[in-house]
Every structure is written in C-alpha cells, then in structure tokens.
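Here the structure comes first, spelled out in structure tokens, and everything after it is commentary.
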Amino acid sequence: MQDLKVSMAETDTSSNRCSWKMRFVCFADRVKRFPGLAWRATWKVGKENPRRVVHSFKVGMALTLVSLLFLMEPLFEGIGKNAIWAVMTVVVVMEFTVGATLCKGLNRGLGTLLAGSLAFFIEYVADSPGRIFRAVFIGVAVFMLGAMTTYVRFIPYIKKNYDYGVLIFLLTFNLITVSSYRMDNVWNIAKDRISTIAIGCGICLVMSILVFPNWSGEDLHNNTISKFEGLANSIQVCVKEYFYDSTKSACQDDSSKDPIYEGYKAVLDSKTTDETLALQASWEPRYSRYCHRIPWHQYARVGAALRYFSYTVVALHGCLQSEIQTPKSIRALYKDSCIRLGEEVSKVLRELSNSIRNKRQFSPQKLSDNLKKALEDLDNALKSQPQLVLGSRNGRTKNTPVQAAPHPDQKLEEDSRSSLPSVKNIDSSSSRGCKSKEHSRELPKKVLRPQLSMTAIVSLEFSEALPFAAFTSLLVEMVAKLDRVMDEVEDLGRMAHFREFIEDDDDEIVVTCEKPKTNIAQNGLPSCGTE
C-alpha cells in the first residue's frame, strides 16, 4: 500500500512537471510570435487609413515645437516652468480631424480665459477686507462656482457642445483661486497659464489646418456616400441570392465576410459616428460657394433615414436564412419581377449617392415612376398565378370537409347497429356487439388519420408559401420606406444649394429635378474657408 502511494505521488509530480513544461513551451511560442503579430497589426492599421500615419507625424512635430519652450533658454526665461501647460495642451487638444481640434482648442482657451478673469476678480474683491474674510469668501466662491458649473454640465446643449470647456473652466478657476490664498502673484499665474495654453492651442491649430488637414465634414460626406452604395449592393445581392443561391445563404453565418451583412452593418453602426462628425464639422470654417453654410446636421438626418430603411434590408436578409423555403419552381415564376424591383431600389440608392457626391439635385418624380412600373410588374405577376400562393390552401380546405362529413354519420350508424341486440341468438348478438364495438373503435382511427395528415399537408404547403409572401412584402415595404430617404436627400440638396441637374449632362449618372423656381447657385466643398 505504501508503494502504491509512492508511485501515485511520483506520477503526480511528473504530470506537474509536464504541465509546467507545456506552459513554458506555449509561453515561449507566444513570445516568439509576438513581433510578427505586432507588425501585422501595425501594418493593417496604417493600410486601412494612411491618414493615421500622417496624423502621428503631425502630433510628434507639434510636441517637438512646443518642447522648444523648455529646450531654448530665451523662451524658458520668458515663460518659466509654466511652459508645461503648453505641452499638456498639445497632448490633450490635438485630434485627428480639424473639427475635433477646433472644438477642444476653443473650449479649452475660452474656459481658461473666463476662469482666469473670474479668479482675478474674486482675488481683487476678497483681498481688501482682511485675511479671514478672504478665506471665507474664497471657500464660498469655490462652492458656488463648483455647484453651478457641475449643474450646467447636465444641460443637453452644454453637454453636447461645451462640456470640455466647462470642465476646464472649473479646473482652472479652482487652481488659481485656491492657490492665490498662499501666493501673492495671482495675476502672474493667470497670465502665464493663459499664454501657455494659447501657445499650445495655436500650435495644434496650425498643424491641424495647414499641414495635411483631415476635415470632419469630408469624412461625413464620404461616409454617407459609402452607406448608400453599401445598401444598394446588399439589396441587389440579396434579391439575386434568394432566387439563385438560397441554399448557400441559409447555411452562411452573419459573422463571415458576407457582402449583404457588411453593407447594412455599416449603416446600423453609424449613429454615433454620424452625430460626432456632424458636431465636429459644425466647428470647421467650411462653406459652400457664395458663403452658404453647409448643413452638416442634415447629413445626420440622412443617416437616420438610412438606418430606418436598413431595418427592412436586415429582414430581407433573414428571408434567405429561413428554415422553411418556398420551392424554387414557385419562386422562378416571380423571379424577373422581383429582381427588377430590387434593381430599381438599388438604382435609386445609387442615384441618391451620386446626387450627394456630385452635389446635384435629383428628380423624385422620375425615380418614383420607375419604382411604380416595377411594382406594377410584380403585382401583375402575383395576380397571374394567385393559386400558387393562396390557392393550395383554399383548394384543400374546400375538399377536406366533404370527405370528413360522412364519417360522423357512419360512426353513429355503426354505434346504433351495435347497440340493437339480435332476437335469434343472444350469444351471436353479444359476439356481434363485441365486433361492432371493436369496429366502432377502429373506425375513428381510420377516419382521423387521413384527416390529420391532410391538415398537416395543408399547413406545410401554406407555410412554404409564407416565406415568399414575406419576401415580396418586404420588397414593397422597402419602396415605401425609400420615400423618407429621398425626402431627406432632397432637403439636403435644397439646404446645401446643390446644383440643378441639366438633362443633357453626361458626366455622371444623375436625373432631373422638378423644383419651384428659385435662384439656386452652384456650390462646391472647398478645403478651407473663413468663419
């Protein structure tokens, strides 16, 4: 027994050694593969958007310039140790786009200026009565300003546009006011802080606006165009796969690189990005021609309409992955009309995309006419073969009661016959009664089995027709929701003063536009301007 325990202990020890050895081998393998993985991840980030590499160099250059306040002796003697605030400002304010940098820079500068001015005023008022009154006054001022500014931050408009500025105001005011109780040169503190923050903000604005600028409005403009094109491709591929390759689509997972999934996923995930870019673009000094302000908030409304429209595309994609599918023989009868309607919807989305890209208006009437013709073709196709969708149910339900009606009467007759005894022989009557009872028990089984199977067949055939009915109804619903998208793009063209379309213009795929007689000037999307 003792030998067995010793052998078991040795086995446990050897297994622990093997496990530690395997862990060490796995860790060494991960360390060995880490440089390659890090390099591939770094290369992928730069390849997806080369502007990230440029922005990294811009931030490095800005930090180098602001470090000269420490490195150069004449600049350090003029500013002193407060130059660290300039470095902190560059690190905090420098953002990827011009709009984000302007938003943070102006908020920081304005908050610091107001806080310094107010701190100097409080210091001037509290200094004359005495030191005890000064301490009490500073404490009350800090409490009042802290409570008021914190409450103001909950206001939605302030929270959305000036939250960072209010936070900097609160921070700067407390630093200057509280430190002024032990220091006499509060004016110098406020002046140095304001000047260093102004230097840092100035370097950030120069590097963001003048050196390879990344405009938030341009990103929002391009993202809106790509979302239209992605939805158009998703609809076109989805309709074609439903009639040609539905079996493959039913087995495909959404997590894979599915063009349908990728198209509407980008639209569904764009709410936060659109709102952020629209807010940042509103800070940028960019105007259309003839000094018309670009309505960036309308781009966000167009994105909201696209998300509302994309929910139908998600449901349409779900029809491809349904467990119950309509037979291909039935789908083939309506294939041309459904594909044409899907192509017309995709064509409308692409023309709206071209309208935004080329800054030209479009013709809602012409697009509606094409959609109406496609809808009429689908309606005529459905009316030409109505029995394929609903006729099987009607035909079965009409025949089923005719076959099932005699069975209860037969059952009653057999029961009445079996209940009447025979006068000739009681034994024979009893035997007949037993046989008739057995027959009456077997008869409902023979009657109910065909009836239940018939009901199952009717339900199965009708359930096979339901997926195609849902698919066609979603196509029609998509056309109805497309009106909202067209209205928003039309409002965008009117507010941004898009050019009127000329019928003979062959540069891009655009259409005419019927609008009230107004003087609409041509516009562009310049890289910079003045506010």
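Per UniProt numbering, the very first residue in the sequence shown carries number 1; after that it's consecutive. Heads up, the beta-carbon is just placed ideally off N, CA and C, and yes, glycines get one too.
{"Asked": "Simplified DSSP state of Arg357, which is helix, strand or coil", "Found": "helix"}
{"Asked": "Sufficient close CB pairs (3 or more, under 8 Å) joining the region 326-340 to the region 230-243", "Found": "yes"}
{"Asked": "Assumed close pair Glu500, Gln361 - CB separation to whole angstroms, cut-off 8 Å", "Found": "6 Å"}
{"Asked": "Among Lys383, Tyr299, Ile225, Thr312, the one whose alpha carbon lies nearest that of Tyr261", "Found": "Thr312"}
{"Asked": "At least three beta-carbon pairs within less than 8 Å, the region 68-77 to the region 33-52", "Found": "no"}
{"Asked": "Coarse secondary structure for Ser440, derived from DSSP in three states", "Found": "Residue placement at Ser440 is poorly supported in this model, since its pLDDT is 42, which falls under 50; the coordinates still yield a value, given next. Helix."}
{"Asked": "C-alpha gap between Leu68 and Lys191, whole angstroms", "Found": "20 Å"}
{"Asked": "Reduced DSSP secondary structure (H/G/I, E/B, other) of Arg499", "Found": "strand"}
{"Asked": "Enclosing alpha helix (DSSP H) for Gln236 [first to last residue]", "Found": "216-244"}
{"Asked": "Expected contact under 8 Å - CB spacing of Gly303 and Gly263 to nearest Å", "Found": "Incorrect: roughly 15 Å between the Cβ atoms, too far for contact."}
{"Asked": "C-beta atoms of Gly146 and Asn107 nearer than 9 Å", "Found": "no"}
{"Asked": "Sequence-distant residues of the same chain with beta carbon closer than 7 Å to Asn188, five excluded per side", "Found": "none"}
{"Asked": "Whether Ala198 touches Gly60 by CB criterion (9 Å)", "Found": "no"}
{"Asked": "Alpha carbon of Arg301 to alpha carbon of Glu488, nearest angstrom", "Found": "7 Å"}
{"Asked": "The region 132-150 / the region 201-209 touching (three or more Cβ pairs under 8 Å)", "Found": "no"}
{"Asked": "C-beta atoms of Ala305 and Arg134 nearer than 9 Å", "Found": "no"}
{"Asked": "At least 3 beta-carbon pairs within less than 8 Å: the region 21-39 vs the region 154-170", "Found": "no"}
{"Asked": "Pairwise C-alpha distance: Lys227 and Arg357", "Found": "12 Å"}
{"Asked": "DSSP three-state assignment for Arg293, whether helix, strand or coil", "Found": "strand"}
{"Asked": "Whole-angstrom distance between Val66 and Glu73, CA atom to CA atom", "Found": "13 Å"}
{"Asked": "Unbroken alpha helix (DSSP H) run spanning Lys81, endpoints", "Found": "No alpha helix (DSSP H) contains Lys81, which DSSP labels as neither H nor E."}
{"Asked": "Pair within 9 Å by beta-carbon distance, Val345 and Leu492", "Found": "no"}
{"Asked": "Neighbourhood of Tyr164 by C-beta, 8 Å cutoff - its chain only, sequence neighbours within 5 removed", "Found": "Cys103, Lys104, Asn107, Arg108, Gly111"}
{"Asked": "Same chain only: Cβ atoms within 6 Å of Ala141, ignoring 5 sequence neighbours per side", "Found": "Ile122"}
{"Asked": "Cα-Cα separation between Pro327 and Leu378, rounded to whole angstroms", "Found": "18 Å"}
{"Asked": "Whether Phe498 touches Ser282 by CB criterion (9 Å)", "Found": "no"}
{"Asked": "Among Leu466, Val314, Trp20, Phe57, nearest to residue 537 - alpha-carbon criterion", "Found": "Only positions 1 to 531 of the chain appear in the structure, and residue 537 is not among them; the question remains open."}
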